[in-house]
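Numbering (the working numbering), first residue to last: -6 to 400.
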């Protein structure tokens, strides 16, 4: 044996990668007849596409079936859009369908996808260009046929939600070759008329019936509107280019009326709630202001010159009382101290000593003699008593110990 040996899984994986790298097989439309169709409990759909020359296995996973608005049946001619890849376990290739449409509408669907991609690349679907829908619109423009379920549904819903909102209808064709120019004229008129929001819509139908809303001139007219536009074309499962360009998509005309017309009863309830809340806040504010006013009154009263003068007078009277108390206390203390000093002075007074039998001895110059050492014999001395004074001559001087005298 020469060369490398590969396992079955490796071969299948290699082939799968080849399929994945082929651009033509990653986005492909395949037309054929449905056969062996099975709806699995998981939501996946398994089927076979066949024509006179061959068969191709196919599957549509549950995540993609939401866009399928009809049921696949045996023998049905369809166009599948998806990618071709290999199922490694069985070694067979199959189409993994992302969209399936009836064969009669295949060309329109391709045109739809091409225009959608072109306009999306131009940025016409970008959220940055979406205008908000007024919350309380009072003038609503309607671009649709003047007969049919769409206008009746819009009128009925509007009257039920808010009979005071004004509705302006611009009758327009919504189907056929002349429908697209008619829609463009209606949009331009309503945009210049001064309404708050425009509803563009019609009832459901096939892709051919709704094709006017997939025209490029209609998409550009919606995009150029200064007035917010609500697209309400067909049923909930129908999607048009107008839905992508409009500022808001409504699944049905009735839903568009629900979105555009505010509920007057809900508005009245909210208004009453706001009124009660406003009254509550006003009362709280008034209460606060009353408290502040009372404070200002109190402050003003305390700052009144008359009040200030009375306060100062009271303060002066308090100071006077305090001063009188301090002076009296000071005088009482001084008197007390003076009395003590007087008693001490009286206790040391020579006159009092003399009155107690003592005498004051001095020399002829009136100098006090305190000791016998200051006297000599024959000296003349003065002896003062309480009632008089005598002059004497010293005949003898004798020193004695007073302690011995008392023994």
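The beta carbon of each residue, even a glycine, is placed where N, CA and C say it ideally should be.
Quick check: residue 55 and residue 36, are their CB atoms within less than 9 angstroms of each other? Taking the chain shown and counting its residues from 1, the one referred to as residue 55 is at position 62. Taking the chain shown and counting its residues from 1, the one referred to as residue 36 is at position 43. Cβ distance < 9 angstroms, so residue 55 and residue 36 count as in contact.
Under the rule that 16 or more other beta-carbon atoms within 10 Å means buried, what is residue 94, buried or exposed? As a position in the chain shown, residue 94 is number 101, starting the count at 1. It counts as buried.
Complete runs of the alpha helix (DSSP H) confined to the region 288 to 326 [at least 4 residues]: Taking only runs of at least 4 residues, no alpha helix (DSSP H) segment lies wholly in the region 288 to 326.
Do you know offhand how far residue 25's Cα is from residue 106's? Here the question's residue 25 lines up with position 32 in the chain shown. Here the question's residue 106 lines up with position 113 in the chain shown. Near 20 angstroms, if we compare the C-alpha coordinates of residue 106 and residue 25.
What does a CB cutoff of less than 7 angstroms around residue 81 pick up in its chain, not counting 5 residues either side in sequence? Along the chain shown, one-based indexing puts residue 81 at 88. Its chain contains 2, 5, 6 and 9 as the residues whose beta carbon lies nearer than 7 angstroms to that of residue 81, once the 5 sequence neighbours on both sides are disregarded; these appear in chain order.
Just the C-alpha distance for residue 385 and residue 365, rounded to the nearest angstrom, thanks. Your numbering for residue 385 matches position 392 in the chain shown. Your numbering for residue 365 matches position 372 in the chain shown. Looking at the two C-alpha atoms, the distance is approximately 15 angstroms.
Counting C-beta neighbours from all protein chains within 10 Å, is the total for residue 163 16 or more, i.e. buried, or is it exposed? Residue 163 sits at position 170 when you count from the first residue of the chain shown. Around the beta carbon of residue 163, 16 or more other beta carbons sit within 10 angstroms, so the residue counts as buried.
Assuming residue 18 is part of the alpha helix (DSSP H), what are its boundary residues? Taking the first residue of the chain shown as position 1, residue 18 is located at position 25. From DSSP, the alpha helix (DSSP H) with residue 18 extends over 16 to 19.
Using CA coordinates, which residue listed in 357, 368 and 363 is at the minimum distance from residue 375? Counting from 1 along the chain shown, the entry for residue 375 is found at position 382. Measuring from the Cα of residue 375, the nearest candidate turns out to be 357.
Would the region 133 to 146 count as touching the region 108 to 115 if we require 3 or more Cβ pairs under 8 angstroms? They do not touch, by the three-pair rule.
Taking the straight line between their C-alpha atoms, what separation do you get for residue 335 and residue 382? Locating residue 335 in the chain shown gives position 342, counting from the first residue. Locating residue 382 in the chain shown gives position 389, counting from the first residue. Cα-Cα distance, rounded: 27 angstroms.
Could you check which residue in 161, 281, 125 and 166 has the C-alpha nearest to that of residue 187? Position 194 of the chain shown holds residue 187. Closest option to residue 187, Cα to Cα, is 161.
Take residue 196 as the anchor and find which of 269, 247, 72 and 180 has the nearest alpha-carbon. Here residue 196 refers to the residue found at position 203 when the chain shown is read from its first residue. For residue 196, the nearest C-alpha among the options comes from 247.
Quick check: the Cα distance between residue 233 and residue 51, rounded to an integer number of angstroms? For the purposes of this step, residue 233 is taken as the residue at position 240 of the chain shown. For the purposes of this step, residue 51 is taken as the residue at position 58 of the chain shown. Straight-line spacing of the CA atoms in residue 233 and residue 51 works out to 27 angstroms.
Of the listed residues 193, 151, 184 and 202, nearest to residue 169 (C-alpha basis): Here residue 169 corresponds to residue number 176 of the chain shown, with the count starting at 1. Restricting attention to 193, 151, 184 and 202, the CA atom closest to the CA of residue 169 is found in 202.
With a cut-off of 8 angstroms on the beta carbons, I'd call residue 241 and residue 126 a contact; round off their distance for me. Sequence index remark: in the chain shown, residue 241 carries index 248 (1-based). Sequence index remark: in the chain shown, residue 126 carries index 133 (1-based). Contact between residue 241 and residue 126 is confirmed by a C-beta separation of about 5 angstroms, below the 8 angstroms threshold.
N- and C-terminal bounds of the alpha helix (DSSP H) containing residue 146: For the purposes of this step, residue 146 is identified with residue 153 of the chain shown, where counting begins at 1. Segment 142 to 154, the alpha helix (DSSP H) holding residue 146.
Burial state of residue 243 (16 or more Cβ within 10 Å): In the chain shown, residue 243 corresponds to position 250, counting from 1. A buried status is given to residue 243, since no fewer than 16 other beta-carbon atoms sit within 10 Å of its beta-carbon.
Which residue wins for smallest C-alpha separation from residue 43, given the options 148, 87, 140 and 323? Stepping through the chain shown from its first residue, residue 43 is reached at position 50. Closest by alpha carbon: 87.
Residue 405 and residue 211 look like a contact to me (Cβ under 8 angstroms); what is the Cβ gap, rounded to whole Å? The question about residue 405 has no answer, for the chain in this structure spans -6 to 400.
For residue 163, report the span of its beta strand (DSSP E) as first-last. As a position in the chain shown, residue 163 is number 170, starting the count at 1. Element bounds for residue 163: 159 to 164.
Cβ neighbour criterion (16 or more within 10 Å) applied to residue 40: On the chain shown, residue 40 is found 47 positions in, with the first residue counted as 1. With 16 or more other CB atoms across the displayed protein chains lying within 10 angstroms of its CB, residue 40 is buried.
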